[in-house]
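Chains as they are written, first to last, in our numbering: chain A, 80 to 459; chain B, 134 to 511.
Structure below.
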């Protein structure tokens, strides 16, 4: 054979092969996509089944007594507080935006969130950013245990009373830390004042909630509120209710006992240096606590969801909650601020003995007043 | 900081950016919760009013003075005008004397209402701030009806007054006083009998009468120690009509600590001041004589004053307010004007009163002295 080997290319075969190769690659890719999609779909199906199976729980956690409802309630509380305060002070309160100024809070929130985040030079940056959000989370968590009715409760725990106070004890610690890491003398003073308030008010607060727990024979908030089907505990524990209210105000830091954030003395206490969004979080946390304590008071002292028998239980609870919240706001709008050493003095000298005395009186009454013990339902 | 206080002491600047410190700043040395040293600083509100007065004619000078303290504008402008009138030897029409006195007392009431609202805000009860401020609006309406301005009234002028009293002004003034009188018992109840108010003000900012005089306090601050020191009686001004009314110097002496005064006593004292002012106004309103409000010939004398010096003084809301004026012959402007504001003394007396009180009480001590930064930063 002359010449070299002729390189022969079967051009059509080669072209044909490309098609086959392309289709092979495509089918391979499609197979992968298909497998991924099938996996994703199976995950979706699995989550959906799970959600459908736990639909009620999810709905409760996210929508009705859960996050959305609580946030709406806090927004309402801010508006309600401002309106009641305005009325007490001979003003009209917000009325420009929305019906009766209902949208004012949203405008305020947008303004605050849009503000520049300024972190002071002396501040510990990481903690300064972390603490306000953490505070809001800690304050929102106890709402899990608020029994709006026997069914509309997100979770029940046999020791939910203890757990709620465990969460709430973290609040002044966060306040103290925020004041500390802000790197200013005024915030530090405010933080220590918050700790001081808690030091004064926590024991009366817990002791006055021990009365309902003793009468119901349970540490679950649901059981305590459900045990009042025959008798509201405020009738035999009126002093405990008052001590709970007062020490609750001290614990939150509202006006007569608001030394931690006394604006004329320490500018804004531990919140002085917080910029826009962080301030909004602490501001919301304060109102969330107010809502929380009002709901707890209804559950502990005002018969939970019992009331007008024809009403739905949630409505009963909510109406009583509104009344207690109104009372709460009126109390906080009508006294002069008390100095922090006076807060400690009066808490330890009067609040604590009173909260203990009422339990003793209630127990004696249960023994000696005929028929009273029969009205108590043990264990819910 | 004194060297003997030690390492525990912390220096805190109260102001000038503090919420309750608008236009002033005090350096506090704090040990624990207690203030051991207070160092008030003046100068954040300085407008060089005394120098400005040297460039204003005698008719314009009153306008500078009333801007020293807008809350008591009718009273604040008077010492300067009184000094000008003394140097010129002017005769004031009777009607102008009575109207001046009435409006000065109305200004005093309005200033006191503003003060106790502010003290309540500093004590955390904002309701008690706004309630008296609603009543105060009626006095402001009266001022507006009379002079066209709510605050800077420029009412007095050398030789008389600028604006005449009409029936409408009289009605508005009577309405303001009627509303004040009907609400005053309520306010007294809410302040003086409120347990939380007592807790915050009793034995806070306590000082002796001797110390008060030593530090130069005057007005309600010293009267609440039981010393009847009142220029309206002690130095009867021929150009004012306080002698037409029948009144006593309001003096409150707390039986719990005679010769001493705390924040609570100063509150009581100022309520008595309001009642006295109301009674003076009501008596004088029936005795307004007819006649001119200003003598144009006398007023023309203020264009060029002879050489001389005079000391114009008035019992202001916050204490004795004086202007010392020295002129050269045929002068159009003062050679020198020296203002003595009542609050300079009360501001610097914080040095004496504050040490020993808690950090939270500082603002109460400060507020109970009724200070106004314009009076110490001239």
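C-beta atoms are modelled at their ideal positions from N, C-alpha and C, and glycine is treated no differently.
Subject >> Closer than 9 Å to chain B by CB, residue 25 of chain A >> reply: Summary: the structure shown does not reach residue 25 of chain A, with chain A confined to residues 80 through 459, and so no result is reported for it.
Original post:
Of the choices A:410, A:263 and A:267, whose alpha-carbon is the least far from that of residue 329 of chain A?
Top reply: Stepping through the first chain from its first residue, residue 329 of chain A is reached at position 250. Minimum Cα distance to residue 329 of chain A is reached at A:410.
Subject >> Chain-order list of residues whose beta-carbon lies under 7 Å from that of residue 96 of chain A (same chain, five-residue window excluded) >> reply: Position 17 of the first chain, counted from the start, is the residue given in the question as residue 96 of chain A. Hits under 7 Å: none found.
Subject >> chain B contact for residue 344 of chain A (CB, 9 Å cutoff) >> reply: Taking the first residue of the first chain as 1, we reach residue 344 of chain A at position 265. Yes - at least one Cβ of chain B is within 9 Å of the one on residue 344 of chain A.
**OP:** Confirm, please, whether the CB-CB distance from residue 291 of chain B to residue 446 of chain B is below 9 Å.
**Re:** Along the second chain, one-based indexing puts residue 446 of chain B at 313. Along the second chain, one-based indexing puts residue 291 of chain B at 158. Against a cut-off of 9 Å, the Cβ pair of residue 291 of chain B and residue 446 of chain B comes out as no contact.
Subject >> Other residues of its chain near residue 363 of chain A: CB distance less than 7 Å, five sequence neighbours each side excluded >> reply: As a working note, residue 363 of chain A is residue 284 in the first chain. Only 153 and 215 meet the Cβ criterion.
Original post:
Going by Cα to Cα distance, which pick from B:419, B:368 and B:324 is closest to residue 455 of chain B?
Top reply: Mapped onto the second chain, residue 455 of chain B falls at position 322. With distances taken between Cα atoms, residue 455 of chain B lies closest to B:368.
**OP:** Starting from residue 274 of chain B, find everything on chain A with Cβ-Cβ shorter than 9 Å and list it in chain order.
**Re:** Taking the first residue of the second chain as position 1, residue 274 of chain B is located at position 141. Chain A residues near residue 274 of chain B: none, gap ~17 Å exceeds 9 Å.
Original post:
Does any C-beta atom of chain A lie closer than 9 Å to the C-beta of residue 134 of chain B?
Top reply: By one-based count along the second chain, residue 134 of chain B stands at place 1. Summary for residue 134 of chain B: the model assigns pLDDT 49, below 50, so the residue's position carries little reliability; its value from the coordinates is reported in the next sentence. No - not a single Cβ of chain A is within 9 Å of the one on residue 134 of chain B.
Subject >> 9 Å Cβ cut-off: residues of chain A touching residue 327 of chain B >> reply: In the second chain, counting from the first residue as 1, residue 327 of chain B sits at position 194. Within 9 Å Cβ-Cβ: 414 and 415.
Original post:
Given that residue 334 of chain A touches chain B, what residues does it touch there, using C-beta distances under 8 Å?
Top reply: As a first step, residue 334 of chain A must be located in the first chain, where it is residue number 255. Here the neighbours are 257 and 258.
**OP:** Below 8 Å on the Cβ atoms is my guess for residue 330 of chain B versus residue 324 of chain B; work out the distance and round it to an integer in Å.
**Re:** Locating residue 330 of chain B in the second chain gives position 197, where the first residue counts as 1. Locating residue 324 of chain B in the second chain gives position 191, where the first residue counts as 1. Correct: roughly 6 Å between the Cβ atoms.
Original post:
Sorted by chain position, which residues of the same chain lie with C-beta nearer than 6 Å to residue 232 of chain B's C-beta, five sequence neighbours on each side aside?
Top reply: One-based indexing of the second chain puts residue 232 of chain B at position 99. So the qualifying residues of the chain are 294 and 298.
**OP:** Over the uninterrupted alpha helix (DSSP H) stretch that includes residue 251 of chain A, give me the two end residues.
**Re:** In the first chain, residue 251 of chain A corresponds to position 172, counting from 1. Element bounds for residue 251 of chain A: 239 to 260.
**OP:** Measure how close the beta-carbons of residue 277 of chain B and residue 466 of chain B come, nearest whole angstrom, since I'm counting them as under 8 Å.
**Re:** In the second chain, the residue the question calls residue 277 of chain B occupies position 144. In the second chain, the residue the question calls residue 466 of chain B occupies position 333. At roughly 31 Å, the Cβ-Cβ gap does not stay under 8 Å, so residue 277 of chain B and residue 466 of chain B are not in contact.
Original post:
Going by DSSP, which residues form a beta bridge with residue 393 of chain B?
Top reply: Start at 1 with the first residue of the second chain, and residue 393 of chain B comes out as number 260. Note: residue 393 of chain B sits in a beta bridge opposite B:341.
Original post:
CB-CB under 7 Å to residue 244 of chain A, same chain, minus the five flanking residues each way: which ones, in chain order?
Top reply: Position 165 of the first chain holds residue 244 of chain A. So the qualifying residues of the chain are 285.
Original post:
Sorted by chain position, which residues of the same chain lie with C-beta nearer than 6 Å to residue 166 of chain B's C-beta, five sequence neighbours on each side aside?
Top reply: Along the second chain, one-based indexing puts residue 166 of chain B at 33. Once the five neighbours on either side are set aside, the close Cβ partners of residue 166 of chain B are 491 and 492.
**OP:** Pick out whichever of B:390, B:156, B:142 and B:236 has its Cα sitting closest to the Cα of residue 480 of chain B.
**Re:** Taking the second chain and counting its residues from 1, the one referred to as residue 480 of chain B is at position 347. Selected option, being the one with the closest Cα: B:156.
Original post:
Is the segment 301 to 317 of chain B in contact with the segment 362 to 379 of chain B, if contact means three or more CB pairs nearer than 8 Å?
Top reply: no
**OP:** Could you tell me whether the Cβ of residue 155 of chain B comes closer than 9 Å to any Cβ of chain A?
**Re:** Residue mapping note: residue 155 of chain B aligns to position 22 of the second chain, counting from 1. No, residue 155 of chain B does not count as interfacial toward chain A.
**OP:** From the DSSP output, read off the bridge partner residues of residue 472 of chain B.
**Re:** Here residue 472 of chain B corresponds to residue number 339 of the second chain, with the count starting at 1. Residue 472 of chain B is bridged to B:456.
Subject >> Proximal residues of chain A, C-beta to C-beta of residue 491 of chain B below 9 Å >> reply: Within the second chain, residue 491 of chain B is the residue found at index 358, counting from 1. 418, 419 and 420, listed in chain order.
Subject >> Contact list for residue 464 of chain A against chain B, beta-carbon separation under 9 Å >> reply: Only positions 80 to 459 of chain A appear in this structure, which leaves residue 464 of chain A out of reach.
Subject >> Between the CA atoms of residue 145 of chain B and residue 344 of chain A - distance to the nearest angstrom >> reply: Position 265 of the first chain holds residue 344 of chain A. Position 12 of the second chain holds residue 145 of chain B. Computed Cα separation, rounded: 12 Å.
Original post:
For residue 486 of chain A, which of helix, strand or coil comes out of DSSP?
Top reply: One cannot answer for residue 486 of chain A here, as it falls past the ends of chain A, which runs 80 to 459.
**OP:** Please go through the same chain and pick out, in chain order, the residues whose beta-carbon is closer than 8 Å to the beta-carbon of residue 134 of chain B, but skip the five residues on each side of it.
**Re:** Numbered from 1 along the second chain, position 1 holds the residue referred to as residue 134 of chain B. Legend: pLDDT at residue 134 of chain B = 49, less than 50; position of this residue unreliable, value from coordinates given subsequently. Answer for residue 134 of chain B: 142, 144, 162 and 170, listed in chain order.
Original post:
What are the boundary residues of the beta strand (DSSP E) that residue 366 of chain B is part of?
Top reply: Within the second chain, residue 366 of chain B is the residue found at index 233, counting from 1. Premise fails: residue 366 of chain B lies in the alpha helix (DSSP H), 364 to 367, not in any beta strand (DSSP E).
**OP:** Find the nearest neighbour of residue 230 of chain A within the set A:302, A:270, A:309 and A:117, judged by alpha-carbon distance.
**Re:** Stepping through the first chain from its first residue, residue 230 of chain A is reached at position 151. The residue with the shortest Cα to Cα distance from residue 230 of chain A is A:302.
Original post:
So which residues on chain A does residue 254 of chain B lean against when the C-beta distance must stay under 8 Å?
Top reply: As a first step, residue 254 of chain B is located in the second chain; it is residue number 121 there, counting from the start. 343, listed in chain order.
**OP:** Answer with buried or exposed for residue 179 of chain B, where buried requires no fewer than 16 other C-beta atoms within 10 angstroms of its C-beta.
**Re:** Counted from its first residue, the second chain places residue 179 of chain B at position 46. The residue in question, residue 179 of chain B, is exposed, as its Cβ has fewer than 16 Cβ neighbours within 10 Å.
**OP:** Determine, using beta carbons only, whether residue 169 of chain A comes closer than 9 Å to chain B.
**Re:** For the purposes of this step, residue 169 of chain A is taken as the residue at position 90 of the first chain. It does; some Cβ of chain B falls within 9 Å.
Subject >> Rounded straight-line distance, which links the Cα of residue 476 of chain B to that of residue 505 of chain B >> reply: Along the second chain, one-based indexing puts residue 505 of chain B at 372. Along the second chain, one-based indexing puts residue 476 of chain B at 343. One C-alpha to the other measures close to 6 Å.
Subject >> Neighbour flag for residue 485 of chain B against chain A, beta carbons, 9 Å >> reply: For this step, residue 485 of chain B is matched to residue 352 along the second chain. Not an interface residue.
Subject >> Beta-carbon contacts of residue 417 of chain A that lie in its chain and below 7 Å, excluding the five residues immediately before and after >> reply: Translated into positions along the first chain, residue 417 of chain A becomes position 338. 335 and 336, listed in sequence order.
Original post:
Is residue 320 of chain B close to chain A, meaning its C-beta is less than 9 Å from at least one C-beta of that chain?
Top reply: Residue 320 of chain B sits at position 187 when you count from the first residue of the second chain. For residue 320 of chain B, the answer is no, since every Cβ of chain A falls outside 9 Å of its Cβ.
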